[in-house]
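Reviewing the structure listed below.
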Amino acid sequence: MIHSESDQPLREELPPDPAKYFGPHLIASQIQQALAACWLMLPPERRTIDEVEKQMLRMVTRAIAQFREDQRELQ
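Straight run, no breaks: the sequence shown in the numbering used here ends on number 74.
Set out below in structure tokens:
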């Protein structure tokens with residue numbers, strides 16, 4: 000297990016309720032940042048909301064499939 004400078008496990012240093020600690024807008028903010036990054040990475044001629052939606056759905060679908068595969072393999 001990884002330890003901090005105080006030689007305590009890092010897990011103990013996390014807030015008990017991350018949602019309360021970080022506030023209700025953390026996830027929304029992270030999603031907005033991902034959308035903006037996707038927009039900026041697209042070539043100018045493909046920068047449309049529909050294309051960003053298509054690419055984000057593609058990436059999320061792939062990530063969830065990999066997550067499910069990892070869960071099956073690691074049980």
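All C-beta atoms in this analysis are idealised placements derived from N, C-alpha and C, irrespective of residue type, glycine included.
Can you tell me whether residue i is helix, strand or coil according to DSSP?
i, result
"D69", "helix"
"L34", "helix"
"T47", "coil"
"Q29", "helix"
"Q54", "helix"
"L41", "coil"
Exposed or buried, which one is residue i when buried takes at least 16 other CB atoms within 10 Å?
i, result
"V59", "exposed"
"L73", "exposed"
"R67", "exposed"
Which residue marks the beginning of the alpha helix (DSSP H) containing residue i, and which one marks its end?
i, result
"P17", "17-21"
Between the Cα of residue i and those of the options, spot the shortest distance and give me the residue it belongs to.
i, options, result
"C37", "R57, Y20, A64, G22", "R57"
"Q32", "L73, V51, F66", "V51"
"Q54", "S28, A35, G22, Q29", "A35"
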